[in-house]
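What follows is a set of notes on a single structure, which appears directly below.
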Amino acid sequence: MTRVLGPAALAYVSLEGFRPVGAGALPVERLSAAHPDVRKLEQAAGPGDAGEAALEEVTSPVFVVRERGQVVAGAGYRVRPGRPPTSVC
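Put into structure tokens, the structure is as follows:
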């Protein structure tokens, strides 16, 4: 039996290739991985998706988007010694 946890994307971009989003995009807020609103997002996602996202493992801030005051998306990265940052979302 195959189980699908949900859509996910893993992407890498060079510093030269990075392009910030344009005007009109939803604002992005920085929270700690331990912030209660990040924990609520993980609870709403359920243990499978939360485990797959691994937001508790990020070493960066968690970059979140809110809708009507509630965090609806989050992403971050984990720095590994001697390696460039790895995206986690």
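Just so you know, the sequence shown maps onto residues 7 to 95 in our numbering.
For glycine and all other residues, C-beta sits at the position ideal for the given N, C-alpha and C.
Residue range of the beta strand (DSSP E) that includes L37: L37: member of the beta strand (DSSP E) spanning 35–37, first to last residue.
Extent of the continuous beta strand (DSSP E) run through V77: DSSP places V77 in the uninterrupted beta strand (DSSP E) bounded by 76–84.
Stretch pair the stretch 25–41 + the stretch 62–76: three plus CB contacts closer than 8 Å: The stretch 25–41 vs the stretch 62–76: in contact.
V64 - containing alpha helix (DSSP H), residue span: In the DSSP assignment, V64 falls outside any alpha helix (DSSP H), carrying neither H nor E.
Backbone secondary structure at R72 - three-state DSSP: Reduced to three states, the DSSP call for R72 is strand.
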